[in-house]
Structure formats: structure tokens, C-alpha cells
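Structure first, then comments.
2 protein chains.
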Amino acid sequence: MKPIKVGLLGLGTVGTGVVRIVENHQDDLKNQIGSAIEIEKIVVSNVNKARNISVAASKLTDDAWEVIRHPEIDVIIEVMGGTTATKEYIVEALKLGKHVVTANKDLMALYGGELLEIAQQHGSDIYYEASVAGGIPILRTLVDGFSSDRITKIMGIVNGTTNYILTKMTQEGASYADVLKEAQQLGYAEADPTSDVEGLDAARKMVILARLGFHTSVDLQDVSVQGISNVTKEDIQYAKRLGYQLKLLGIAQCDENQISVSVQPTMVKNSHPIASVNGVFNAVLVTGEAVGETMFYGAGAGELPTATSVVADLVAVSKNMKLGISGKRINSAFKQTVLKTDDQISSKYFLLLEVADRAGVLAQITQELAKYEISLESVLQQANPSSNTAEIIVITHDASKAAIQSLLDRFKGMDVIHQVKSVYRVEG
Amino acid sequence: MKPIKVGLLGLGTVGTGVVRIVENHQDDLKNQIGSAIEIEKIVVSNVNKARNISVAASKLTDDAWEVIRHPEIDVIIEVMGGTTATKEYIVEALKLGKHVVTANKDLMALYGGELLEIAQQHGSDIYYEASVAGGIPILRTLVDGFSSDRITKIMGIVNGTTNYILTKMTQEGASYADVLKEAQQLGYAEADPTSDVEGLDAARKMVILARLGFHTSVDLQDVSVQGISNVTKEDIQYAKRLGYQLKLLGIAQCDENQISVSVQPTMVKNSHPIASVNGVFNAVLVTGEAVGETMFYGAGAGELPTATSVVADLVAVSKNMKLGISGKRINSAFKQTVLKTDDQISSKYFLLLEVADRAGVLAQITQELAKYEISLESVLQQANPSSNTAEIIVITHDASKAAIQSLLDRFKGMDVIHQVKSVYRVEG
Numbered sequence: 001m002k003p004i005k006v007g008l009l010g011l012g013t014v015g016t017g018v019v020r021i022v023e024n025h026q027d028d029l030k031n032q033i034g035s036a037i038e039i040e041k042i043v044v045s046n047v048n049k050a051r052n053i054s055v056a057a058s059k060l061t062d063d064a065w066e067v068i069r070h071p072e073i074d075v076i077i078e079v080m081g082g083t084t085a086t087k088e089y090i091v092e093a094l095k096l097g098k099h100v101v102t103a104n105k106d107l108m109a110l111y112g113g114e115l116l117e118i119a120q121q122h123g124s125d126i127y128y129e130a131s132v133a134g135g136i137p138i139l140r141t142l143v144d145g146f147s148s149d150r151i152t153k154i155m156g157i158v159n160g161t162t163n164y165i166l167t168k169m170t171q172e173g174a175s176y177a178d179v180l181k182e183a184q185q186l187g188y189a190e191a192d193p194t195s196d197v198e199g200l201d202a203a204r205k206m207v208i209l210a211r212l213g214f215h216t217s218v219d220l221q222d223v224s225v226q227g228i229s230n231v232t233k234e235d236i237q238y239a240k241r242l243g244y245q246l247k248l249l250g251i252a253q254c255d256e257n258q259i260s261v262s263v264q265p266t267m268v269k270n271s272h273p274i275a276s277v278n279g280v281f282n283a284v285l286v287t288g289e290a291v292g293e294t295m296f297y298g299a300g301a302g303e304l305p306t307a308t309s310v311v312a313d314l315v316a317v318s319k320n321m322k323l324g325i326s327g328k329r330i331n332s333a334f335k336q337t338v339l340k341t342d343d344q345i346s347s348k349y350f351l352l353l354e355v356a357d358r359a360g361v362l363a364q365i366t367q368e369l370a371k372y373e374i375s376l377e378s379v380l381q382q383a384n385p386s387s388n389t390a391e392i393i394v395i396t397h398d399a400s401k402a403a404i405q406s407l408l409d410r411f412k413g414m415d416v417i418h419q420v421k422s423v424y425r426v427e428g
Numbered sequence: 001m002k003p004i005k006v007g008l009l010g011l012g013t014v015g016t017g018v019v020r021i022v023e024n025h026q027d028d029l030k031n032q033i034g035s036a037i038e039i040e041k042i043v044v045s046n047v048n049k050a051r052n053i054s055v056a057a058s059k060l061t062d063d064a065w066e067v068i069r070h071p072e073i074d075v076i077i078e079v080m081g082g083t084t085a086t087k088e089y090i091v092e093a094l095k096l097g098k099h100v101v102t103a104n105k106d107l108m109a110l111y112g113g114e115l116l117e118i119a120q121q122h123g124s125d126i127y128y129e130a131s132v133a134g135g136i137p138i139l140r141t142l143v144d145g146f147s148s149d150r151i152t153k154i155m156g157i158v159n160g161t162t163n164y165i166l167t168k169m170t171q172e173g174a175s176y177a178d179v180l181k182e183a184q185q186l187g188y189a190e191a192d193p194t195s196d197v198e199g200l201d202a203a204r205k206m207v208i209l210a211r212l213g214f215h216t217s218v219d220l221q222d223v224s225v226q227g228i229s230n231v232t233k234e235d236i237q238y239a240k241r242l243g244y245q246l247k248l249l250g251i252a253q254c255d256e257n258q259i260s261v262s263v264q265p266t267m268v269k270n271s272h273p274i275a276s277v278n279g280v281f282n283a284v285l286v287t288g289e290a291v292g293e294t295m296f297y298g299a300g301a302g303e304l305p306t307a308t309s310v311v312a313d314l315v316a317v318s319k320n321m322k323l324g325i326s327g328k329r330i331n332s333a334f335k336q337t338v339l340k341t342d343d344q345i346s347s348k349y350f351l352l353l354e355v356a357d358r359a360g361v362l363a364q365i366t367q368e369l370a371k372y373e374i375s376l377e378s379v380l381q382q383a384n385p386s387s388n389t390a391e392i393i394v395i396t397h398d399a400s401k402a403a404i405q406s407l408l409d410r411f412k413g414m415d416v417i418h419q420v421k422s423v424y425r426v427e428g
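Given below as C-alpha cells:
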């Protein structure tokens, strides 16, 4: 049987993992596909650099176009990152009828719809399981496992860096800045951590999940995003005291075809299965109308988990080639995206207020809540005699995002409220 | 487009769910498949019985063969249960080139290999996702999601009835007999609960999981099975005190192609993700060499979750028909089954002994452990002055099943040990 020939773009940690897995699992892969897999060419920026892996020099090249246009290469695996040149490479590969496997969430979040369309036009496959929650096969689960159900909610911890930071802050009572520094030293956070800590990475993944789960073409600009850089030690301590864990959650909801997608730090009740997902682990909770709550848990990143997902996609693409069904994945984005407005998005909220410590303040505040029809689940007041202030914590019942926003605007005009220290969504 | 025509065997709770889902999701299903789905005929034992669902009388029949041989029916969905007549129906359907979706774990555990072979010979598909962990798409995850990894361990809570019973015993301190009675009244346990409580149902599911995960043809008689009917209140209380939950776990392991599969009540450390899976929920933890630990959690049974899995398989089978790739699933049982012997199976163990309450007994016991090279993780001794006895709890480090068996045999010959009250495997 003719082997399946692969061109690999990128030989960083994930690329190295791909080479290792393909080498170590030759027999298993051949048994599943019916053909051997050969990595024919690898694109690197410097062919002379010393590497952790021995690769024949003849396979290395710094010319991506040579690999994209190589007549014998069937599948392009893209693990180099970036969205500009990379997009050009992938578009050209798909147009040439080559199949593409990518781990690039930025690319798929930005251009996924366009790339899927080009692939379909040219009978090519594009698979991207590794772009979300590295070691968890969540995308194929959404497409195949939930094909007969209606998914109403996808909620996930989809960024390992921020989950590591929040877990450490919770377990050690440490500050955000200290834990971030430690995470950077350990290589869990990048020198410029913005994309992770401001929630952008999670937002990109939620876009990919929402598109597949809800069959729509939701875009990155449709996501409401808030990161963790303003989370304080105090917030985490209050969460703990009240029986919650503070997690950066991506939440996508779909009711009667109206969608909302957001990423924000959220208080999650301890009894909720997602509350115990700690460290760099990821988890995605999918609620189906019929199936109820299901959860998928595993390593979100790392060389081997991500490379394993990439090679699983390579197996799927190779099987499709052998079966002659490449590019025949039925396009699932068949619904128009209608976004919910802020008065249609509701959840419980946690509010931490610093107020003047005098009689009647709590009554004033609860009156304001009543005006906006926000009802209370619990209230906690704690005096701080040294500064003549008090802290009030409110956990509301379900309230609309719009009502909470109006309430917060109103609070700004109230003398007795010195500041709104924190506002978090609450789950469970 | 010509619709896909389905013959449904059985109209109990799952069958009713299938009819409802196919009706309610017509548009979504058509969008995914490119053809409508029509349930053409339904086999019931009594066509005149009153039902919860309105079905045209012309669709009902009590003659299964009429449906199996119906020339226009493309897919047979089997949700009637049983393994004798049912097997004949399915074999005939496959031979006629019809595709089969079944939720029947007993059938698949007993005859899965044979049925898959017949299907392959006749270009037919047989899908059986709903046979294991109803609402969790675990079988397709094992086949597709882990195609590039080597699975070393599959551990699961795959029986909802026993998990419900153990959860209740833990939360309420109730006895096995009392909770079983309550579960029977609530419909969570059958009038004859043997198959669930003695671990047979879980064993069948573990056979199906092990076959797919390890690419072998492991059989039901290869599984070591122990149920929960001997679990006492006291065992559960000790587990709680020591920071464990007692769970009925299916554990399948594969090292260097040597396999062991077992089902037994197991002490699971509280910090382990599977320890917090409670009530009728199921969870399957899959460890991949590269991916590490992943967990899949959801409803294990129930009309709608199970029916959803069945219809997801129907979607997969229908897509295969449209793509012209029916019966082309590459057979994954390509490895010979080599079972581990008892001296190759190791884990930690929990032992609860009733001993004579006098000096030197603990020393005697620990000497015996040392003889069999079993080392200790912890020991707890507690006197019971009223009977002049004491209880000793031992948690061992990893020890082979054979060594533990020899130790228990030795204990029988020791006067100071009145009885070995409990022996459990320990995880985490």
C-alpha cells in the first residue's frame, strides 16, 4: 500500500511530539489506516539548529512553499502558529487538494469559516482537534457524539495558564502578581502573558466550540471577554469562605437559536464537577437537551497531549483518503447567528462592595436591588472598624446582565457606596 | 433525496425516546445527513397495548421477521434486549446488508466479535454506542479520539444502580439491604437486581471498552468480577474516615499487550476525579501513554440519554450510507489477547481484620506482610473492649493479587486473626 506522505510545518515542542508519535506508533497507525505514514518534509526556520530529536537533514527545509507545493505530499500538518503567512500556506494547500491538520486556534477562530469553505470547494479536509483543549477529543465529540441532541450550553476551563494561576492563588493564598511570576519561571505562562490572562486565548477556543456545538458562525467579536488580571487574593478568600472556587470560565449558551458567548472569572460552587478541575487541566462541560450534563476532562496542553490530538486528526484524514471521502464532511454551520442582548443573558452574580459603616446602608442597597428586580440569595456584611467602612457581599439569584449593569451604574451615584470592588458571575 | 428508512425493534422507554428524538429533531438530522429519517416499522409484542406515544397503527407489528426482511428498510435499531432471538434478527439483518444500531450490551459482550465480522463480510455497519455509559459518547472517543495514543488503563463507574446504592450508603450511613429496597421502589434497581449488584452488567461493559481500547478480543470469562452485595456500612464508614469513597470500579489495564480486566468494589481516594461521581452518574477514566488521564462523565442510563446515543449512531450509520462507506470501519481487534496472571496484577489493598486484642498481634501481622513482600502504607488499630477483640485496618503499597491471596490464605491459619472482614482494592 502506498504510504501517506506528510509535510510538517514547524518543529517546536508539538512538532517534535508529532514526529515521535508517528515513529513510535508506526505499527498501530498502519493497522488502523491500512497504510504507513511517512513524514516527508519538515519546515523549520533554521535548518542548522541543534534539536532534541534526530531527523534526517534531507527532510528539513526553510522553504514552506516547497513543502506546500510538493507533489507527493498528501497531508500538511501545521504546528508553527501565526495567522498571516500560515493562512496563505493553508489556503494554498487546500486549493491543491491537500488535507490539513492544524493545532492553530488563532487561525481557526479568525478564519475557520473561510478555510472550511475553501476545503469543501476543493475536496480537501481540514481538521483542528488540537486547537481546543489539547488532550481532550472535544471537537469530534461535539460533532459526532451530540449529533442527535440539541446542545444548550458549553462551559469550559479551556486555558491551562489561567487555571494554574487561579488554583495556586486559591491553594496558597498568594497574589496574582506573585503566581504569574512563578508561572512564567516554570514556563506555564509566556513572557507576555496577555493573551492567556486577559481571556483572549479562551475566547478563541470558545468561538470554535460554539460554532461546532450550535451549528452557527459566531465570531470572535461576538464574545464578551474579561480576564483574570484584576482578581485579588481577597476575592479568592471570599469565594472559599462561601463554598466557591474562582475559575476562568468560557460559557456559551444557545436557547431557541439565540446565542451568547463569554469568558470571565466565575464563582463555581464546590459541588459542581468543574470546581475540582485544578492546575493546568482543562475540562469542558456540555449540556444537551436530552443527555443532560456531561463533562470531558484532561490535559489541555503540553507537547504530547497536543501532538496526540494532531496525530489522531492525521489518522482521521488518512482514513478519509483511503475511503475516498475526503472533503465530504457535511458542513454543520447551517444556522444563522443571532446574539442575545444583555437583557436576555442571565446568571447569578457575586458583588463585593465597600460601603460606609453606618446604620441603614444595607437597607439602601437591598432597596436598589429590589428596584431592578434583582433578588438575593445571600448577603454578608463585615465591618472594618479601622477605616470606618464595611464590606458587603451580595450573591443574587438569576439576574440579567443588563439589570446588573444598571444596578452598578446606580451604585456609582450613591454616597454610601465607596466602591464596587468585585463583580463575578456565579455558577452552580 | 430518498429518506433513510428505519425498522425499530422494541418500543419500551428507550424505543419511545428514539421515536421522540427522531420526530423532534427532523430538521437538524436532515441538515446533518442530507436526507430525512423515517421510522417505517416498529416491532412490539402487543400491537394493541396503550402507549405513552402516538404512533400510527399501520407502523406497529408483532412480527420481527417482517421488519428484518422489509425490502425498503435500511437500518435496524434494536432496543428490545435479549440475546437469543435478538441475535438471530441482527445476524439476518446484517446478512441482508442492513445496518444495525443496538443498545444491547449483553449481546455485544457475548457476540460482539462474531457480529462485527458478519457485518464486515456483508458491507453492513453495526454501531453500539448506547451499550456502554448511555449518555457518554465513550466508544467513539476510544476509537477516534485515542487513535494515535496507546491506552494503558480504562477505569470506570459504568453501572448507575450500584453507584446509586453506594452513594446513598455513604451519604446516609444506611445499610446495603435498606438502600437496595429503596432503589427498587424508585425504579433504579430491578426486582431481580443480580446482574447489577453482582457486577455482571459492569463486566459486560468493561469487555466492550477493553476490546475497543486495547484492540483485542477479550471475553466475558476473562473478567474477574465481584459485586457490592457484601459491602457493609462499616466498610463505608472506614473508607470515609480514611479519606476514600467506596465505588464499584471496572478496571482494564494493558501493559506491553498483557491485559487484565476486573470489576470490584474499590476504595478511591477523595482527591481522585472519579471519587466525586455520585448517584446514577457514570464516568470513564481513560489513561493514554501520551495524553495522560482523561475523564468522561455523564448520565449512564435513562430513556433520553440512551436514546440520544442510539440516534447519534443512526446519524453515523446514515452518513456512511450517503458517503458509500458502510461496513468499511477498519476492524480494530488486531492484537491477540494475552491475560495477565495474578502475580502480574498489582494494586494497593485495604484489609479489615478482626483480631484478638492482645500485645504482639500487630507485630505478628506485619511480619506476615513482610514475608510476602507486601509493604504498608498505613495501619490503624482500634480496640473493641466489650468483645476483647480489636480491628486492624491495613492499607498496603502496590502488591500483586497473588501475594495478597497467599497472605489471606496464611491469615486463615493464624489463631490471633478471628476473621478477615473485608478486602478492597485501593485506587489513587
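Protein sequences appear in the order of chains A and B. Its first residue numbered 1, the first sequence is counted upward by one per residue in the UniProt record's numbering. Its first residue numbered 1, the second sequence is counted upward by one per residue in the UniProt record's numbering. Glycine included, C-beta positions come from ideal geometry on N, C-alpha and C.
Spatial distance of residue i from residue j (CA atoms)
i	j	result
threonine 266 of chain B	valine 394 of chain B	14 Å
alanine 359 of chain A	glutamate 198 of chain A	39 Å
glycine 113 of chain B	arginine 211 of chain B	9 Å
tyrosine 424 of chain B	isoleucine 151 of chain B	25 Å
leucine 142 of chain A	valine 132 of chain B	18 Å
leucine 242 of chain B	glutamine 336 of chain B	40 Å
valine 75 of chain B	glycine 302 of chain B	23 Å
isoleucine 21 of chain B	glycine 81 of chain B	20 Å
aspartate 63 of chain A	alanine 252 of chain B	47 Å
leucine 115 of chain B	arginine 204 of chain B	16 Å
alanine 177 of chain A	serine 271 of chain A	29 Å
proline 385 of chain A	phenylalanine 214 of chain A	52 Å
leucine 200 of chain B	glutamine 226 of chain A	49 Å
Beta-carbon proximity check, residue i vs residue j, cutoff 8 Å
i	j	result
glycine 173 of chain A	lysine 105 of chain A	no
alanine 399 of chain A	serine 346 of chain A	yes
asparagine 282 of chain A	glycine 160 of chain A	yes
glutamate 78 of chain B	valine 100 of chain B	yes
alanine 275 of chain B	valine 286 of chain B	no
methionine 108 of chain B	isoleucine 208 of chain B	yes
alanine 370 of chain A	glutamine 381 of chain A	no
valine 261 of chain B	valine 315 of chain B	no
valine 310 of chain A	valine 19 of chain A	no
leucine 9 of chain A	valine 67 of chain A	yes
glycine 292 of chain A	proline 273 of chain B	no
Own chain partners of residue i with C-beta closer than 6 Å, once the 5 adjacent residues on each side are dropped
i	result
glycine 250 of chain A	Gly156, Val158, Ala202, Met206 and Val263
phenylalanine 296 of chain A	Ile136, Ile138 and Val284
threonine 102 of chain B	Glu78 and Tyr128
methionine 169 of chain B	Val179 and Ile236
Nonlocal neighbours in the same chain, by C-beta distance under 7 Å from residue i, ignoring five residues either side
i	result
asparagine 52 of chain A	Thr16
lysine 348 of chain B	Glu377, Ile395, Thr396, His397, Asp398 and Val426
glycine 279 of chain A	Asn163, Tyr164 and Thr167
glycine 97 of chain A	His122, Gly123 and Ser124
First through last residue of the beta strand (DSSP E) which encompasses residue i
i	result
phenylalanine 350 of chain A	346-356
glycine 288 of chain A	281-288
lysine 5 of chain A	4-9
Where the alpha helix (DSSP H) containing residue i begins and where it ends
i	result
lysine 105 of chain B	105-121
methionine 169 of chain A	160-172
valine 44 of chain B	Where valine 44 of chain B is concerned, there is no enclosing alpha helix (DSSP H), given that its DSSP letter is neither H nor E.
methionine 155 of chain A	Premise fails: methionine 155 of chain A lies in the beta strand (DSSP E), 151-157, not in any alpha helix (DSSP H).
tyrosine 89 of chain A	85-95
asparagine 320 of chain A	303-323
threonine 204 of chain A	Checking the sequence, you will find arginine at residue 204 of chain A rather than threonine. 200-214 is the span of the alpha helix (DSSP H), which, as asked, contains arginine 204 of chain A.
Q: Answer yes if the segment 143-153 of chain B comes into contact with the segment 136-154 of chain A, meaning at least three C-beta pairs across the two stretches below 8 Å, and no otherwise.
A: The segment 136-154 of chain A makes contact with the segment 143-153 of chain B: 3 or more CB pairs, one atom from each, lie closer than 8 Å.
Q. Using 8 Å as the Cβ pair cut-off and three pairs as the minimum, do the segment 359-371 of chain B and the segment 407-417 of chain B touch?
A. Taking 8 Å as the limit for Cβ pairs, the verdict is that the segment 407-417 of chain B does touch the segment 359-371 of chain B.
Q: Count the CB pairs spanning the segment 20-30 of chain A and the segment 81-100 of chain A that are closer than 8 Å, and state whether there are at least three.
A: With a cut-off of 8 Å, the segment 81-100 of chain A and the segment 20-30 of chain A do not count as touching, because too few Cβ pairs lie within range.
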